[in-house]
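All remarks here apply to the structure that follows.
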Amino acid sequence: MLAQRHSTIFFILIILFIIFLLLSFISPLFLIPSISISFLLAGPNYKLVIPFYFILILILGLKADYYFIGSFITAFIIIVIFIKNYFKNLSL
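Here the numbering used here is used: the first residue of the sequence shown is 31, the next is one more, and so on.
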């Protein structure tokens with residue numbers, strides 16, 4: 031029962047993360063909730079998330095066109111890390 035609740039919360043957070051990341055194309059302010067959600071999802075592996083957002087902020091500062099490419103790459107890498115950690119924790 032607890033594992034089912036944990037997986038439901040996990041997938042809801044991933045969906046919210048993707049929604050806020052897509053909304054960040056409209057306004058970069060929507061990137062703030064996606065950063066918060068990604069740290070929640072990363073848990074003890076939060077140090078893996080920091081460099082990707084640092085790179086994303088640098089890209090955003092350089093040119094707006096690169097922001098879209100950088101956010102897609104960052105989202106893909108972060109989601110892969112979350113799913114990998116989720117299934118690793120699930121097998122324990």
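Yeah, the Cβ is synthetic: ideal placement off N, Cα and C, and Gly gets one too.
Where does residue i fall in DSSP's three states?
i	result
Val110	helix
Ile56	coil
Around the Cβ of residue i, are there at least 16 other Cβ atoms within 10 angstroms (buried) or fewer (exposed)?
i	result
Ile113	exposed
Phe106	exposed
Ser64	buried
Ser59	The amino acid occupying residue 59 in the given sequence is Leu; Ser does not appear at that position. Its Cβ having fewer than 16 others within 10 Å, Leu59 is exposed.
Ile45	exposed
Ile62	exposed
Ser68	buried
Ser54	buried
Ile56	exposed
For residue i and residue j, I'd like the C-alpha separation in whole angstroms.
i	j	result
Ser66	Lys118	22 Å
Pro74	Pro81	15 Å
Thr38	Phe84	29 Å
Ile109	Ile49	13 Å
So residue i packs on residue j, CB below 8 Å; how close in whole Å?
i	j	result
Phe40	Tyr116	6 Å
Leu71	Leu43	5 Å
Ile103	Leu78	The pair is not a contact, with the Cβ atoms about 15 Å apart (cut-off 8 Å).
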